[in-house]
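Enquirer: This structure is in structure tokens; I'll ask about it shortly.
Number of protein chains: 2
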Amino acid sequence: MRYVDQDLLSIQEARVLIEKSTDAQNSLNYYSQKHIDVVLEKIVNEMKKCYSDWIILNHEATQIGKINDEVELAKELFQFFDMYQDDTYIGSCIDEDTKQVMKQGVPAGGIIAMIPPVNTVLNVMYAIFCAVKTGNTITLIPHQRNVKNIGVIVNKLNEIAQDNGFPSSAILYMQNVSEEGIQELVTYSSNRIILNIGCTSYMNDICMKNKISYYASVGQSPVFIEQTANITETVKQIVESRSYNNGILPSAEQFVVVEECIVNKVKEELKNNGAYFMTSDEEKKLMDYIQPENNFNEIGYMGKSPEDLANSAGFKVPKDTKVLVSSQKYIYDENEYVNEIFAPVLIVYEEPNWLTSCQKCIELLESNRRGHTLAIHSNDAFVIKEFISKKPVGRIVVNAPASFASLGIHSEITKSFFVGGGTTGFGTIIKNIIPEDFVYYREVGYGTTPTETKTVTSNENQKDIDELSEALLKFLNKLNK
Amino acid sequence: MRYVDQDLLSIQEARVLIEKSTDAQNSLNYYSQKHIDVVLEKIVNEMKKCYSDWIILNHEATQIGKINDEVELAKELFQFFDMYQDDTYIGSCIDEDTKQVMKQGVPAGGIIAMIPPVNTVLNVMYAIFCAVKTGNTITLIPHQRNVKNIGVIVNKLNEIAQDNGFPSSAILYMQNVSEEGIQELVTYSSNRIILNIGCTSYMNDICMKNKISYYASVGQSPVFIEQTANITETVKQIVESRSYNNGILPSAEQFVVVEECIVNKVKEELKNNGAYFMTSDEEKKLMDYIQPENNFNEIGYMGKSPEDLANSAGFKVPKDTKVLVSSQKYIYDENEYVNEIFAPVLIVYEEPNWLTSCQKCIELLESNRRGHTLAIHSNDAFVIKEFISKKPVGRIVVNAPASFASLGIHSEITKSFFVGGGTTGFGTIIKNIIPEDFVYYREVGYGTTPTETKTVTSNENQKDIDELSEALLKFLNKLNK
């Protein structure tokens with residue numbers, strides 16, 4: 001029997017994936033939106049049938065997050081699907097007057113998606129939805145702990161796609177995951193888009209020459225509580241947002257910046273809402289356990305409940321604790337709490353006034369550049385406006401839970417499960433990522449010389465107006481009866 | 001006196017440029033669109049005053065293109081400016097009802113622009129226009145032959161910007177150009193966008209990690225003449241488009257694919273329009289002179305007239321020759337005519353029918369992947385539609401000169417002087433590049449819970465309709481009098 005090292009096995013697999021997805025993309029390029037939508041409907045139906053099983057299976061393997069929260073969130077995700085499902089991206093846009101094709105929607109050319117160990121089922125479902133809807137193949141790169149479960153989802157959905165006329169390898173995943181294999185895939189694949197969902201180390205370590213690179217992530221949102229805020233409501237929202245699915249939602253609050261004059265009230269409310277303030281000894285123990293600078297190597301702590309976190313770190317917290325809180329004065333690089341923490345942990349800073357708070361938020365965003373979203377709770381229109389205009393982030397959430405609002409749940413922000421992280425310096429996309437970001441439009445120009453332009457003569461004009469008037473009068477009279 | 005090697009000098013200059021442009025961007029981030037527009041108007045006025053001098057100066061130095069053509073094209077460019085000048089990109093978009101900020105336009109964060117030796121003055125003016133309009137600093141990297149002339153333009157415009165309140169280094173250029181210096185600039189600059197205008201070798205040789213990379217280029221457009229085309233008009237347009245400014249316009253036709261049954265008529269018309277068909281000996285001589293695979297190292301031949309080209313290559317052509325033509329049967333890699341040629345040279349292929357022509361165009365686009373635009377001349381709606389739906393290009397020009405139409409001159413294509421080359425595999429932008437591509441929008445989400453949604457009661461509804469009816473009736477009666 002031949003023995004092949006793991007890295008070479010991974011490279012070999014990458015080469016096979018490249019060939020398969022190139023073939024699939026070459027045929028998908030000629031599919032109509034109508035045909036695609038038929039396949040997509042079957043895929044979405046299967047997702048709706050199986051998602052809770054997948055979430056449970058995944059939770060068994062990784063122990064990350066809370067099953068119920070993820071199931072509830074999946075229902076929101078399906079509402080996004082319903083919203084985008086009828087949109088047309090692929091094919092000709094026809095001018096109604098001239099019957100000419102004005103532009104042509106075209107699949108961007110295949111997606112390689114790097115999937116993190118958090119919110120795995122939701123990320124996989126949304127990525128596949130975006131890919132299929134826009135006629136793109138997708139090759140998923142799972143975290144090593146998720147390979148088996150992602151395999152279950154991909155195999156099932158690819159089978160359905162194939163049964164309904166899709167090419168045989170439109171939805172793929174990598175089984176032997178290694179950095180060497182990923183580099184091979186990214187370098188030689190004809191796929192055009194690299195969709196990195198919070199696998200930050202890959203952004204630094206994998207060279208992505210001449211690819212379109214999208215980066216979305218959990219991020220570490222600062223939230224500012226200004227003195228005019230409704231403190232009771234604010235704190236309730238923050239704790240709910242940060243404890244949901246045990247702290248791994250995109251844009252979940254990590255840093256709470258509070259004006260000095262209301263800090264006692266805020267802390268009291270935090271306690272009322274199930275926050276546990278750690279002693280400095282406990283804070284140290286927690287960081288020794290988490291080691292957040294080793295993110296994605298050490299995923300053991302991710303998405304754990306406060307109780308489990310405390311137990312593993314070696315201290316006790318009350319049973320109904322919702323978030324662990326560390327109170328801090330300054331930001332300094334050696335403090336591990338400034339790293340991105342994928343768990344229900346909050347860090348509270350107090351500041352003399354809104355101006356220094358503004359500065360603090362910018363520092364927190366720029367310290368290790370993982371934040372792409374900022375939240376503010378205030379009823380002072382001027383302060384809100386200043387925050388909106390000055391912060392280096394892709395989105396601002398006002399008087400709402402940062403995580404849900406940044407996904408567009410009960411907010412005006414574009415509905416998406418991929419919160420673009422371009423302001424962190426990674427990737428080319430700053431806004432929320434939606435299906436449209438996976439197509440391009442081929443523009444069509446017809447010869448028009450200045451003299452050819454048709455101008456309606458004033459006679460014709462008058463005729464049009466007369467006809468319009470008559471029709472409107474008829475309609476209005478009917479309405480007034 | 002200290003002696004410093006050229007590459008180190010270039011790296012040193014890059015570091016100074018990085019510092020200057022970072023400082024400038026940090027202040028520009030807080031400028032309002034109103035303030036920007038005041039500065040922009042002065043800059044555009046200066047451009048309108050000086051452009052023909054700049055073009056003449058540049059022509060003296062490089063001998064590329066035709067002065068008159070470039071001056072005429074500049075006038076079109078100024079029309080683009082007039083069109084975009086009043087648009088608002090930077091600042092708050094306010095919801096009229098709620099008076100809340102819904103999104104905030106923000107400068108993308110500085111531009112590094114690589115400028116080719118062709119159409120230099122036009123490229124520089126459009127790049128600076130886009131940058132200033134959107135509150136971005138711009139650092140221009142000239143071709144070595146253009147350093148002095150770009151210096152004249154940049155110094156003048158930066159002075160005006162500064163006099164009108166812009167930071168002191170918003171418009172910069174590199175004087176000691178070397179690949180090492182460019183790599184330093186691209187790697188360590190806080191500038192977010194790399195705008196590469198057809199400096200293709202940089203796309204391969206410079207590593208652009210975590211930057212937003214835009215690529216626009218001249219490209220080498222195939223044009224297909226189908227048997228139902230108006231041959232006289234078609235050939236006139238092609239020759240005009242390819243000979244304009246001596247063949248260096250973005251998207252200018254390079255390959256002419258003709259249906260067999262009309263090839264004699266096309267060749268005859270080409271001759272009538274000033275085309276010179278080279279002998280195979282002359283074809284070889286021309287390539288020996290041009291050496292197109294050494295592009296941008298050997299710029300000597302670029303934008304030269306057919307007569308000058310022939311003279312330098314060692315053969316004679318009639319004085320009024322507008323394009324040199326090579327008739328060819330097959331595409332093969334060793335044939336140097338498949339390279340991007342920045343001169344008034346056409347290659348004619350004949351094909352049995354439109355289907356094989358379609359295939360030929362795809363091969364030409366994919367052979368060395370420099371083409372991003374395709375033109376078709378036909379009156380067969382079905383064939384046109386097939387071409388639009390199947391070709392791997394960013395834009396299709398129908399029955400019009402490819403160069404002008406792809407810039408949006410007398411066509412419906414987005415008006416721009418930078419024709420996005422994303423379909424060549426370089427850069428993330430496929431469409432035409434406009435000022436909007438240099439800003440991002442920060443979305444704002446306000447808390448809205450489902451119960452809060454205001455629904456108009458049916459009573460209120462009826463009242464609205466009544467009021468509307470009344471107003472409309474009044475208006476219509478007035479109209480009909």
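Chains as they are written, first to last, in the UniProt record's numbering: chain A, 1 to 481; chain B, 1 to 481.
From the three backbone atoms N, C-alpha and C, an ideal C-beta is built for every residue, glycine too.
#1: Once DSSP output is grouped into helix, strand and coil, what is the label at H59 (chain B)?
#2: Output needed in chain order: residues of the segment 378-395 of chain B with a Cβ under 7 Å from some Cβ in chain A.
#3: Measure the alpha-carbon distance for S201 (chain B) versus E443 (chain B) and round it to whole angstroms.
#4: For chain A, check one thing: does any of its Cβ atoms lie closer than 8 Å to the Cβ of K322 (chain B)?
#5: Using a Cβ-Cβ cutoff of 7 Å, what residues of the segment 59-91 of chain B are near chain A? List them in chain order.
#6: Which complete alpha helix (DSSP H) runs does the segment 164-236 of chain B hold, if anything under 4 residues is left out?
#7: Do you know how far the Cα of G427 (chain A) is from the Cα of I212 (chain B)?
#8: On the DSSP bridge list, what partners appear for I433 (chain A)?
#9: When you compare each of B:N191, B:V419, B:I115 to N136 (chain B) by their alpha carbons, which one comes out closest?
#10: Can you tell me whether I94 (chain B) is helix, strand or coil according to DSSP?
#11: Look up P107 (chain B) in the DSSP assignment and give the residues it is bridged to.
#12: Using a Cβ-Cβ cut-off of less than 8 Å, give me the residues of the segment 347-372 of chain A that come near chain B, in sequence order.
#13: Hey, is V186 (chain B)'s beta-carbon within less than 8 Å of any beta-carbon in chain A?
#14: Interface residues of chain A around Y446 (chain B) at Cβ under 7 Å?
#15: Would you call the CB atoms of V397 (chain B) and T423 (chain B) closer than 8 Å?
#16: Excluding the five sequence neighbours on either side, which residues of its own chain have a C-beta within less than 7 Å of the C-beta of E269 (chain B), listed in chain order?
#17: Using a C-beta cutoff of 8 Å, does A14 (chain A) count as contacting chain B?
#18: Check whether the Cβ of G371 (chain B) lies closer than 7 Å to any heavy atom of the ligand NAP, and answer yes or no.
#19: Can you tell me whether DSSP reads T356 (chain B) as helix, strand or coil?
#20: Nearest-angstrom Cα distance between I150 (chain B) and Y51 (chain B)?
#21: Could you please give me the residues that DSSP links to Y446 (chain A) through a beta bridge?
#22: Taking C-alpha atoms, which residue in B:N29, B:S357, B:A375, B:N158 lies nearest to E259 (chain B)?
#23: Between which two residues does the alpha helix (DSSP H) containing S280 (chain A) stretch?
#24: What does E443 (chain B) reach in chain A if we use C-beta pairs closer than 8 Å?
#25: Select from B:L77, B:A24, B:M125, B:T134 the residue whose C-alpha is nearest the C-alpha of Q104 (chain B).
#26: Quick one: Cα of residue 514 (chain A) to Cα of E307 (chain A), how far?
#27: Rounded to whole angstroms, what is the Cα-Cα separation between F387 (chain B) and V106 (chain A)?
#28: Using a C-beta to C-beta distance shorter than 7 Å, which residues of chain A count as neighbours of S406 (chain B)?
#29: Please report whether the beta-carbon of Q104 (chain A) lies at a distance below 8 Å from any beta-carbon of chain B.
#30: Could you tell me if T455 (chain B) is buried or exposed, where buried requires 16 or more neighbouring beta carbons within 10 angstroms of its beta carbon?
#31: Among B:S327, B:S326, B:V325, B:A310, which has the Cα closest to the Cα of K319 (chain B)?
#32: Does any residue of chain B bring its CB to less than 8 Å from the CB of T428 (chain A)?
#33: Round the Cβ separation of V263 (chain B) and E184 (chain B) to the nearest angstrom and send it over; I've been treating them as touching at under 8 Å.
#34: Just to check my reading of the structure: A74 (chain A) and I55 (chain A) have Cβ atoms closer than 8 Å, yes? What is that Cβ distance to the nearest angstrom?
#35: Output the boundary residues of the beta strand (DSSP E) element that contains A275 (chain B).
#36: Is there a C-beta anywhere in chain B that falls below 8 Å from the one on Y31 (chain A)?
Expert: In brief:
#1: Three-state DSSP puts H59 (chain B) in a helix.
#2: Residues of the segment 378-395 of chain B whose Cβ lies closer than 7 Å to any Cβ of chain A, in chain order: K385, I388, S389, V393, G394, R395.
#3: Distance between the alpha carbons of S201 (chain B) and E443 (chain B) is about 37 Å.
#4: Taking Cβ atoms only, chain A never reaches closer than 8 Å to K322 (chain B), which makes this a no.
#5: Close to chain A, meaning a Cβ-Cβ distance shorter than 7 Å, is no residue of the segment 59-91 of chain B at all.
#6: Within the segment 164-236 of chain B, the complete alpha helix (DSSP H) runs of at least 4 residues are 179-188, 200-205.
#7: Taking the straight line from one Cα to the other gives about 7 Å.
#8: In the DSSP output, where bridge partners are listed per residue, I433 (chain A) has A:F418.
#9: Of B:N191, B:V419, B:I115, the residue nearest in Cα terms is B:N191.
#10: Strand.
#11: Paired residues: B:V439.
#12: Those would be none; no residue qualifies.
#13: For V186 (chain B), the answer is no, since every Cβ of chain A falls outside 8 Å of its Cβ.
#14: By Cβ distance, chain A contributes V398, N399, A400, S411, E412.
#15: With a cutoff of 8 Å on beta-carbon distance, V397 (chain B) and T423 (chain B) are scored as not near each other.
#16: So the list reads I231, T232, V235, once near-sequence residues are dropped.
#17: No, A14 (chain A) does not count as interfacial toward chain B.
#18: Among the components of this structure there are no ligands whatsoever, and the ligand NAP is therefore not found.
#19: Helix at T356 (chain B).
#20: Taking the straight line joining both Cα atoms gives about 12 Å.
#21: Under DSSP, the beta-bridge partners assigned to Y446 (chain A) are B:V398.
#22: Measuring from the Cα of E259 (chain B), the nearest candidate turns out to be B:S357.
#23: From DSSP, the alpha helix (DSSP H) with S280 (chain A) extends over 280-290.
#24: Chain A residues near E443 (chain B): G394, R395, I396, E412, I413, T414, K431, N432.
#25: A check of alpha carbon separations from Q104 (chain B) across B:L77, B:A24, B:M125, B:T134 identifies B:T134 as the nearest.
#26: Nothing in the structure corresponds to residue 514 (chain A), since chain A is present only between 1 and 481.
#27: Rounded to whole angstroms, F387 (chain B) and V106 (chain A) show a C-alpha spacing of 13 Å.
#28: Neighbours of S406 (chain B) on chain A, chain order: G445.
#29: Chain B, which has a Cβ nearer than 8 Å to the Cβ of Q104 (chain A), makes this yes.
#30: Interpretation of T455 (chain B) is limited by its pLDDT of 38, a score under 50 that renders its predicted location unreliable; the figure taken from the coordinates is listed afterwards. Its Cβ having fewer than 16 others within 10 Å, T455 (chain B) is exposed.
#31: For the residues B:S327, B:S326, B:V325, B:A310, the minimum Cα distance to K319 (chain B) belongs to B:A310.
#32: Look at T428 (chain A): its C-beta is under 8 Å from a C-beta on chain B.
#33: In this structure V263 (chain B) is not in contact with E184 (chain B), their Cβ atoms being roughly 52 Å apart against a cut-off of 8 Å.
#34: That belief holds up - the Cβ atoms of A74 (chain A) and I55 (chain A) are roughly 7 Å apart, short of 8 Å.
#35: Where A275 (chain B) is concerned, the enclosing beta strand (DSSP E) stretches over 275-277.
#36: No, no contact with chain B.
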